[in-house]
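Report on the following structure.
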Amino acid sequence: METIILEIDPLNIEEEKIKKAAQAIKENKTVVFPTETVYGLGANGFSENAVRKIFEAKGRPFDNPLILHVANIKSFLEFSYISYSLLEKIERLLPGPVTFVLRKKEIIPNIVTAGKNTVAIRMPAHPIALKLIEYAGVPIAAPSANISGKPSSTLSEHVIHDLKGKVDYIIIGGKVEFGVESTVIDLTQGKVPVLLRPGPIPPEKLKEIFGDIEIPKFVYGIVEADYIKAPGMRYKHYSPNTPVILIEHDEKENMVNKVVDEYQKYSNAIVLCLREHSLFYKEKNINYDIIGSEDNYYEFAAKLFEMLRKYDEKVEVMIVEGIEDKGIGIAVMNRLRKASEKTV
Ligand code: AMP
Ligand code: MG
Numbered sequence: 000m001e002t003i004i005l006e007i008d009p010l011n012i013e014e015e016k017i018k019k020a021a022q023a024i025k026e027n028k029t030v031v032f033p034t035e036t037v038y039g040l041g042a043n044g045f046s047e048n049a050v051r052k053i054f055e056a057k058g059r060p061f062d063n064p065l066i067l068h069v070a071n072i073k074s075f076l077e078f079s080y081i082s083y084s085l086l087e088k089i090e091r092l093l094p095g096p097v098t099f100v101l102r103k104k105e106i107i108p109n110i111v112t113a114g115k116n117t118v119a120i121r122m123p124a125h126p127i128a129l130k131l132i133e134y135a136g137v138p139i140a141a142p143s144a145n146i147s148g149k150p151s152s153t154l155s156e157h158v159i160h161d162l163k164g165k166v167d168y169i170i171i172g173g174k175v176e177f178g179v180e181s182t183v184i185d186l187t188q189g190k191v192p193v194l195l196r197p198g199p200i201p202p203e204k205l206k207e208i209f210g211d212i213e214i215p216k217f218v219y220g221i222v223e224a225d226y227i228k229a230p231g232m233r234y235k236h237y238s239p240n241t242p243v244i245l246i247e248h249d250e251k252e253n254m255v256n257k258v259v260d261e262y263q264k265y266s267n268a269i270v271l272c273l274r275e276h277s278l279f280y281k282e283k284n285i286n287y288d289i290i291g292s293e294d295n296y297y298e299f300a301a302k303l304f305e306m307l308r309k310y311d312e313k314v315e316v317m318i319v320e321g322i323e324d325k326g327i328g329i330a331v332m333n334r335l336r337k338a339s340e341k342t343v
């Protein structure tokens, strides 16, 4: 199919272009758009027909539910059963890189929620995303804009690579801010909210607002029966075609030694490392690229999928230095543990 590409500057949005894309959503077509987390592949969240096209374009299993994107706070009341006291709490995080799982209202078709009686809702902060939803006048169901199982798209070229010819419109709107998908928090499991997917909003921030929260072990990559609670977590995820070896965080000396051990097993490997370790690898003539630094995990998150895509099918194996499970580092390590074939 023909894909129409619309280039829009997020800081100087051309109304006609956004309106064109919004019209496409109204006509039950598919539109890729930037958000502050990763690029999303959207369609009219009220239309079963439109939403089916998302699953087909991505090759996504139908039992993996989508996130419903909204442009204002009152949409939470329209599409879910939420108390005013809870709404006041989540308002403090809106708009932003966080998704709330709530009890679903009938108006949302089952295809969006994979037949569940809960719905995941997010109000993104990206100006293009917000305007698109607003002008469309309907909620936009959207997963990440990548082929199912592959790393999410953080640059427009990722979207073009994966989805050109498979969707109706692609809005090119620059680089995303965070580079990992939204935090998902389940507010339907009784008294204590449950973190289903770590993301840019860290647990400490959620605790400030909700008091206690539950963090299941699968968030840290420890797989147990309770992982069934988060539908998308059952699948291999975020994986490039080239195998990834993850070196769990350790102090510098141990870390670089483990990396070198692994590196020597291959004839064409790359090390994706912390800036602080790069000189060591340079001196040893090791093929490396910098993915982030000790003191800026946000940089690591922002470059994570970009790096996994950059070296995909260019090397035999990617060896990635892990970071600590703190702040956005929890989200980074959650994705890396899923993406990797092997952990050291
Ligand atoms: P994606 O947009 O590709 O990052 O995927 C959306 C993710 O949101 C899914 O894989 C689930 O982990 C989560 N999600 C969406 N809807 C629900 C729901 N009703 N209950 C629990 N998790 C959900
Ligand atoms: Mg995804």
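For the sequence shown, numbering that gives the first Met the number 0 gives the first residue as 0, with consecutive numbering after it.
Cβ atoms here follow ideal geometry from the backbone N, Cα and C, with glycine treated the same way.
Values in this document were obtained by computation on a predicted structure and should not be read as measured data.
K190 and D211 have their C-alpha atoms some 9 Å from each other.
In the displayed model, F99 falls within a strand according to three-state DSSP. With a contact defined as Cβ atoms closer than 8 Å, P33 and V175 qualify at about 6 Å. Counting of Cβ neighbours within 10 angstroms places K130 among the buried residues, the total reaching 16 or more. Judged by DSSP in its simplified three-state form, E156 adopts helix. When DSSP assignments are scanned along the region 108 to 189, the uninterrupted stretches of alpha helix (DSSP H) that are 4 or more residues long and fall wholly within it turn out to be 109 to 112, 126 to 135 and 155 to 162. In the DSSP annotation of this structure, N284 is not part of any beta strand (DSSP E), being labelled neither H nor E. Spatial neighbours of K52 in its own chain (CB-CB distance under 7 Å, excluding positions within 5 residues in sequence) are listed in chain order as T29 and A42.
Counting every other CB atom within 10 Å of its CB across the protein chains shown gives E320 a total of 16 or more, marking it as buried. Relative to the ligand AMP, the beta carbon of L85 is positioned no closer than 7 Å to any heavy atom. Judged by DSSP secondary structure, A70 falls outside any alpha helix (DSSP H); it is assigned neither H nor E. Take the alpha-carbon of A70 and the one of K309: they are about 33 Å apart. In terms of side-chain proximity, the C-beta atom of N63 is found nearer than 7 Å to a non-hydrogen atom of the ligand AMP.
Around the beta carbon of T36, 16 or more other beta carbons sit within 10 angstroms, so the residue counts as buried.
Contact between the region 184 to 204 and the region 92 to 100 is present, with at least three C-beta pairs closer than 8 Å. Residue burial annotation: L154 is buried, with at least 16 other C-beta atoms found within 10 angstroms of its C-beta.
For K165, the closest alpha carbon among the candidates S292, S277 and E55 is that of E55.
G328: member of the alpha helix (DSSP H) spanning G328 to A338, first to last residue. E213 sits away from V183, with the two beta carbons spaced by 8 Å or more. Shown here, K325 sits in coil according to DSSP, grouped into three states, outside any helix or strand.
In terms of CA proximity to K57, S143 leads the group A128, S143 and L186.
Residue side-chain check: R196 places its Cβ nearer than 7 Å to a non-hydrogen atom of the ligand AMP.
Annotation: the continuous beta strand (DSSP E) that includes F32 extends over V30 to F32.
Sequence-distant partners of Y265 (beyond 5 residues in either direction) whose C-beta falls short of 7 Å from its own C-beta, in its chain, are E315 and V316.
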